[in-house]
Amino acid sequence: MLFMTRTLPFLFCFAFGITGFAIYYVPHQWAQSVEREFALWLRLVYAFSYILGLVSLLSLHWSKIRQRQAGWAYSLVVYISFGVMFLFVVYNDGKGPFTSQATTGPYQWVFTSIHVASSATMFSLLAFYISSAAYRTFRARTPEAAILLVSAIIVMLGRVPIGAYISDVIPDTMQWLMSVPNMAAKRGILMGVSLGAIATSLRIIFGIERSYLGGAGD
Amino acid sequence: MSKIASWIAVAGVALHVAAGAQVPVDIVAFDTPNDAGGSLTITWPRAEMSAVSSYRVYVATAADGPFRLAAESATPGLKSGEPALFGYDDDNERFHVVHIRDYATGQADERAPLQNGTLYFVRLGAQTATGEVLGAVASAVPGGNWFNTAKWNNLILTFGLSVCILFYISIARRKDLFIRRIAGLEALDEALGRATEMGKSVLFIHGLKGMDQISTIAAVNILGCVAQRTARFDTDLRVANVDPVVMSVSQEMVKEAYLKEGRPDAYRPDNVFMAATEQFSYAAAVAGMMVRERPAAHIMMGYFYAESLLLAETGSTTGAIQIAGTDAYTQLPFFVTTCDYTLMGEELYAASAYLSREPKLLGSLKGQDVGKALLIGLLVVGTVVATFGVDFLTHLFAAL
Chain A
1 MLFMTRTLPF LFCFAFGITG FAIYYVPHQW AQSVEREFAL WLRLVYAFSY
51 ILGLVSLLSL HWSKIRQRQA GWAYSLVVYI SFGVMFLFVV YNDGKGPFTS
101 QATTGPYQWV FTSIHVASSA TMFSLLAFYI SSAAYRTFRA RTPEAAILLV
151 SAIIVMLGRV PIGAYISDVI PDTMQWLMSV PNMAAKRGIL MGVSLGAIAT
201 SLRIIFGIER SYLGGAGD
Chain B
219 MSKIASWIAV AGVALHVAAG AQVPVDIVAF DTPNDAGGSL TITWPRAEMS
269 AVSSYRVYVA TAADGPFRLA AESATPGLKS GEPALFGYDD DNERFHVVHI
319 RDYATGQADE RAPLQNGTLY FVRLGAQTAT GEVLGAVASA VPGGNWFNTA
369 KWNNLILTFG LSVCILFYIS IARRKDLFIR RIAGLEALDE ALGRATEMGK
419 SVLFIHGLKG MDQISTIAAV NILGCVAQRT ARFDTDLRVA NVDPVVMSVS
469 QEMVKEAYLK EGRPDAYRPD NVFMAATEQF SYAAAVAGMM VRERPAAHIM
519 MGYFYAESLL LAETGSTTGA IQIAGTDAYT QLPFFVTTCD YTLMGEELYA
569 ASAYLSREPK LLGSLKGQDV GKALLIGLLV VGTVVATFGV DFLTHLFAAL
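As they're listed, the protein sequences go chains A and B. When we follow this note's numbering, the leftmost residue of the first sequence carries the number 1, and every step to the right adds one. When we follow this note's numbering, the leftmost residue of the second sequence carries the number 219, and every step to the right adds one.
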């Protein structure tokens with residue numbers, strides 16, 4: 001049993017990790033076909049895993065409806081939306097479920113007019129959230145916050161025409177802030193991230209870290 | 219006036235050719251390096267004067283033809299434009315280069331691809347004012363390559379850093395290593411303790427990426443450590459997922475952690491759930507949960523996009539302790555602004571090692587830090603030598 005739950009997954013991880021690493025350096029068509037095969041299997045695994053996700057989602061909302069938890073009506077909306085969309089997908093604008101999805105019809109309409117519009121609404125909330133977060137952060141209570149406040153004002157003014165109207169120095173300073181201190185910090189973070197990714201990959205490939213198999217460090 | 223100038227130019231070319239200074243059309247043909255095959259590369263010297271209006275490359279499967287048109291260009295590229303294949307030699311400015319993958323079959327617009335392992339004969343034709351000047355025939359066989367030589371620098375650097383990390387892992391087995399304090403991880407116990415005291419739940423939020431991303435693996439590892447603590451403190455842990463594979467792995471992680479703490483009865487599979495599969499649906503679902511259920515602590519780990527601020531700002535209005543960790547540098551300012559503690563960049567990867575205090579894992583952190591110090595040293599030296607006009611180090615580390 002331990003072989004199936006620990007050793008075999010580790011062996012798979014080691015073999016696929018080393019193969020994936022090698023493929024990056026091998027441009028030969030055989031290597032590319034192996035990579036394509038990996039990607040295909042990954043898509044297959046993902047396709048099946050979506051069933052698990054669906055079961056989890058429906059079961060979560062079912063328990064909310066059953067127990068009449070706070071906001072259970074939203075869970076009812078999830079069920080109704082799922083049912084309606086499922087019917088529209090099967091209907092497929094009159095073409096039935098065994099052909100590729102039609103680019104017109106009720107499914108596309110609901111997706112574009114409700115789902116996309118709702119997502120855009122959520123995204124647009126960011127403008128307000130940025131304002132409230134910026135308000136809290138820009139209160140110059142510490143030297144660091146004061147520097148942040150001054151930099152932010154310069155960058156904001158430098159990005160709009162009124163900045164250049166006030167002074168030519170503002171857009172130039174904004175450009176310097178973006179391409180020197182900002183770029184340096186960004187590259188520093190990226191360098192650390194890359195090294196961290198190498199270290200984590202090594203730990204996983206060589207089985208030093210197996211907590212993702214369940215049970216930290218076993 | 220321009221007509222007179224063009225006549226003078228043509229006359230100049232005619233005299234030039236008549237004088238024996240021929241348009242350079244002798245080529246070197248070879249299999250294109252660092253590719254999967256099916257391609258040949260042709261190089262030839264750049265004409266010294268603008269005597270050539272365009273170049274044509276012809277291909278045949280026999281030395282005596284028939285030669286078919288494979289490529290035509292009035293302004294073929296230079297070897298200096300492809301450092302991945304030809305390096306940074308100053309001489310590269312003096313040579314044209316063309317890659318051919320197929321040729322016209324002579325039937326309508328049909329083109330035949332070059333086949334690996336087949337011998338092809340190639341010749342160059344230069345279109346001049348006096349007609350086409352054809353060069354000598356060269357031959358080459360296209361084929362796939364087993365190593366991308368442009369990635370030598372990457373391989374050596376990766377190998378060097380890997381040796382450094384593995385060396386420190388071996389050292390860590392023998393002696394204790396000093397690891398700098400990471401405030402965000404030190405605060406984890408405080409956040410979980412607060413949730414326990416308040417009798418409220420802890421909400422763990424995964425980023426948007428799937429299980430094939432290092433940041434997600436790091437987040438799942440942190441989840442294991444968090445789950446062990448919540449099992450120990452008997453605190454409710456809820457894990458919102460956007461990816462079904464991550465959800466399955468997370469369920470397994472949490473279950474295992476509860477088992478390890480001797481609390482298998484406290485594990486509830488429904489607490490590790492799919493919130494949504496779309497970015498903003500996920501943000502809406504999790505934000506709703508934060509507002510309705512009011513968890514005492516929000517732990518956001520993984521790779522986030524625009525939903526980061528939606529989640530963190532909503533969370534901050536609920537008064538929960540927020541700890542975030544991401545390697546998405548574009549989202550870091552949002553987390554720093556709205557969360558109590560933020561793990562930046564590689565701290566996310568270091569978290570599971572830091573929390574577990576496993577010597578081998580801590581050794582890898584030390585190796586990582588030493589690797590970073592080496593890179594910083596190289597950056598400083600590279601900056602100094604590049605300032606003095608020496609590009610050797612810049613070229614050595616160029617991603618080609």
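The C-beta atom is built at its ideal place from N, Cα and C for all residues, glycine as well.
Item                                                                                                                                                                         : Value
Quick check on B/SER466 - is its C-beta less than 8 Å from some C-beta in chain A?                                                                                           : yes
Pair every Cβ in the region 329-343 of chain B with every Cβ in the region 255-265 of chain B, then say whether three or more of these pairs are closer than 8 Å.            : yes
Taking the alpha carbon of B/ALA538 as the reference point, which residue from B/PRO551, B/ALA568, B/ALA505 has its own alpha carbon closest?                                : B/ALA505
Compare the C-beta of A/GLY192 with all C-beta atoms of chain B and state if any pair is closer than 8 Å.                                                                    : yes
From B/ALA239 to B/GLY349, what does the alpha carbon distance come to, in whole angstroms?                                                                                  : With a pLDDT of 46 at B/ALA239, under the threshold of 50, the modelled position of this residue cannot be trusted, and the question is left open.
Find out if the Cβ-Cβ distance for the pair B/GLY520, B/GLY425 is shorter than 8 Å.                                                                                          : yes
Is the Cβ-Cβ distance between A/PHE21 and A/GLY207 less than 8 Å?                                                                                                            : no
Run through chain B and tell me which residues come within less than 7 Å of A/MET122, C-beta to C-beta.                                                                      : PHE498, ALA501, ALA502, LEU528
Hey, A/TYR212 and B/ILE435 are a contact pair by Cβ (cut 8 Å); roughly how many whole angstroms apart?                                                                       : 6 Å
Between the alpha carbons of A/ALA117 and A/VAL78, how many angstroms are there, rounded?                                                                                    : 17 Å
On a CA-only basis, which of A/SER113, A/ALA152, A/ILE162 is nearest A/ASN182? Give me that one, please.                                                                     : A/ALA152
By the 10 Å Cβ neighbour count, where 16 or more other Cβ atoms means buried, how is B/PHE313 classified, buried or exposed?                                                 : buried
Anything in chain B within Cβ reach of A/VAL32, meaning under 7 Å, just list it in chain order.                                                                              : Note that residue 32 of chain A is Gln in the sequence shown, not Val. Within chain B, the residues near A/GLN32 are ALA254.
So, under 8 Å CB-CB, B/TYR276 and B/ARG264 are touching, yes? Tell me the CB distance rounded to an integer number of Å.                                                     : Between B/ARG264 and B/TYR276 the Cβ distance is about 20 Å, and since that is not below 8 Å, they are no contact.
In this structure, what does DSSP give as the bridge partners for B/ILE318?                                                                                                  : B/LEU258
When the Cβ atoms of the region 189-202 of chain A are set against those of the region 575-594 of chain B, are three or more pairs found closer than 8 Å?                    : yes
Cβ closer than 7 Å: which chain E residues qualify as neighbours of A/LEU125?                                                                                                : Of the protein chains in the structure, A and B, none is chain E.
Alpha carbons only, please: which of B/SER433, B/VAL315, B/LEU529 is nearest the one belonging to B/THR544?                                                                  : B/SER433
Return yes when the Cβ of B/ILE440 is within less than 8 Å of the Cβ of B/SER570, no when it is not.                                                                         : yes
Kindly indicate which three-state DSSP category B/ALA239 falls into: helix, strand or coil?                                                                                  : Unreliable positioning characterises B/ALA239 in this predicted model, as indicated by a pLDDT of 46, which lies under 50. A coordinate reading is not provided.
Go to B/ARG329, then tell me how far its beta strand (DSSP E) extends in each direction, as first and last residue.                                                          : 329-331
Check whether the Cβ atoms of B/TYR273 and B/PRO294 lie closer than 8 Å to each other.                                                                                       : yes
Grouping DSSP H, G and I as helix and E and B as strand, with all else coil, what is B/TYR523?                                                                               : coil
To the nearest angstrom, how far is it from the Cα of A/ILE162 to the Cα of A/LEU126?                                                                                        : 24 Å
Relative to the alpha-carbon of B/PHE498, which residue among A/TRP41, A/HIS115, A/TYR25 has its alpha-carbon at the smallest distance?                                      : A/HIS115
Report the start-end ranges of each beta strand (DSSP E) in the region 268-356 of chain B that is 3 residues or longer and not cut off at the edges.                         : 270-278, 286-291, 313-318, 320-322, 329-331, 338-346, 349-352
Does DSSP classify B/LEU596 as helix, strand or coil?                                                                                                                        : helix
When DSSP labels each residue in this structure, what does A/ILE204 get in the three-state scheme?                                                                           : helix
In three-state terms, what does DSSP make of B/MET429?                                                                                                                       : coil
Can you check DSSP and say which residues form a bridge with B/GLN540?                                                                                                       : B/HIS516
Can you name the residues of chain A whose CB is closer than 8 Å to the CB of B/LEU373?                                                                                      : TYR25
Within the same chain, show all residues whose beta-carbon is closer than 6 Å to that of B/GLY600, passing over the 5 residues directly before and after it, in chain order. : LEU611
Report the partner residues of B/HIS424 according to the DSSP bridge assignment.                                                                                             : B/MET519
Quick check: the Cα distance between A/LEU40 and B/PHE422, rounded to an integer number of angstroms?                                                                        : 31 Å
Taking C-beta pairs closer than 7 Å, name the residues in chain A that B/ILE541 reaches, listed in chain order.                                                              : The contacting residues do not exist; B/ILE541 stays about 17 Å from chain A at best.
Mind checking if A/LYS95 is an interface residue toward chain B, Cβ cutoff 8 Å exclusive?                                                                                    : no
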